[in-house]
Amino acid sequence: MPVLKFRVYWEDEESIFRDILIRSSQTFLEFHEAILNAFEFLPEQNATFFRSNDHWQRGREIILQPDDQSRKVAPLLMAETHIGDVVRNPNEKFVYLYDFAKRWTFLIELIAVTREGNSQDYPVCIRKEGPPPKQYGNKKPEKDQMVDTEDQYDLKDQEGGDTGFSEEGERLDSEEDENF
123 MPVLKFRVYW EDEESIFRDI LIRSSQTFLE FHEAILNAFE FLPEQNATFF RSNDHWQRGR
183 EIILQPDDQS RKVAPLLMAE THIGDVVRNP NEKFVYLYDF AKRWTFLIEL IAVTREGNSQ
243 DYPVCIRKEG PPPKQYGNKK PEKDQMVDTE DQYDLKDQEG GDTGFSEEGE RLDSEEDENF
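Counting from 1, position 72 in the sequence shown corresponds to residue 194 in the working numbering; the numbering is continuous, with no gaps.
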């Protein structure tokens with residue numbers, strides 16, 4: 123049975139992504155749950171998938187729960203729609219929207235089709251890049267994440283001081299003040 127490998131990017135920061143393997147016979151509801159687990163989100167909000175194209179335009183919707191919204195094309199239900207029934211080409215794309223108030227948006231690309239492993243449970247997250255965004259609170263990285271970024275890009279000089287950036291509220295030398 124084919125196993126599909128999807129890369130799920132957080133729209134606000136494409137360096138934060140997860141690779142998820144899922145059988146083509148599994149449903150979008152299982153995919154939805156796998157995405158939430160991979161990004162450490164609680165499953166308490168509504169969500170929807172949209173078929174998409176190379177420009178991330180939203181097409182036919184695959185919804186979590188039936189609703190009263192009027193649409194040009196009737197939506198599919200996640201629990202009733204198998205992944206393989208919707209994936210039609212090797213570069214298939216989807217937009218996943220979670221929590222309609224916060225509008226968490228993820229861009230999803232099919233990146234590979236493989237064969238099922240013998241002892242593997244699906245769906246499964248096989249790669250995590252970057253820290254997951256915080257579901258509640260602001261969407262900015264926390265201080266610990268900023269320290270990791272400083273270490274990664276070596277933003278300190280050799281003596282451990284900063285690289286010339288002043289702290290908020292520090293005064294510039296009088297010579298520099300005249301230049302502003």
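All C-beta atoms, glycine included, are put in the ideal place defined by N, C-alpha and C.
Measuring alpha carbon to alpha carbon, tell me which of the options ends up nearest residue i.
i      : options                           : result
Trp132 : Thr227, Asp190, Ile233 and Gln242 : Thr227
Gln166 : Asp221, Val195, Val125 and Ser147 : Note on identity: in this sequence residue 166 is Glu, with Gln being the wrong assignment. Taking only the C-alpha atoms, the option nearest Glu166 is Asp221.
Val235 : Pro253, Ala196, Arg225 and Asp141 : Asp141
Asp207 : Ile233, Arg173 and Trp178         : Arg173
Asp203 : Val130, Ser147, Asp134 and Glu135 : Here residue 203 turns out to be Thr, not Asp, going by the sequence shown. The candidate whose alpha carbon is nearest that of Thr203 is Ser147.
Met243 : Leu143, Arg180, Asn213 and Ala160 : For the record, residue 243 in the displayed sequence is Asp; it is not Met. Of Leu143, Arg180, Asn213 and Ala160, the residue nearest in Cα terms is Leu143.
Arg249 : Asn175, Ser137 and Met123         : Ser137
Asp176 : Glu231, Arg225 and Pro253         : Glu231
Asp134 : Glu251, Leu229, Cys247 and Asn240 : Leu229
Val130 : Met123, Leu158 and Arg210         : Leu158
Trp178 : Glu152, Ala160, Lys224 and Asn213 : Asn213
With DSSP as the reference, label residue i as helix, strand or coil.
i      : result
Glu202 : helix
Leu219 : strand
Phe171 : strand
Val195 : coil
Glu272 : Confidence at Glu272 is low in this model, with a pLDDT of 49, below 50, so its placement is unreliable and no value can be given for it.
Val235 : strand
Val104 : Here the chain comprises residues numbered 123 to 302, so residue 104 is not present and cannot be evaluated.
Would you decide whether residue i is buried or exposed? Buried here means 16 or more other CB atoms lie within 10 Å of its CB.
i      : result
Tyr258 : exposed
Pro188 : exposed
Thr149 : buried
Ala156 : buried
Ala196 : exposed
Ala169 : buried
Ala201 : exposed
Ile205 : buried
Lys215 : buried
Could you round the C-beta distance between residue i and residue j to whole angstroms and report it? I think they count as a contact, below 8 angstroms.
i      : j      : result
Ile185 : Leu199 : 6 angstroms
Val125 : Arg237 : 7 angstroms
Terminal residues of the continuous beta strand (DSSP E) containing residue i?
i      : result
Leu126 : Pro124 to Trp132
Glu183 : Arg180 to Ile185
Phe139 : Glu135 to Arg145
State the start and end residues of the unbroken alpha helix (DSSP H) segment that holds residue i.
i      : result
Leu151 : Phe150 to Ala160
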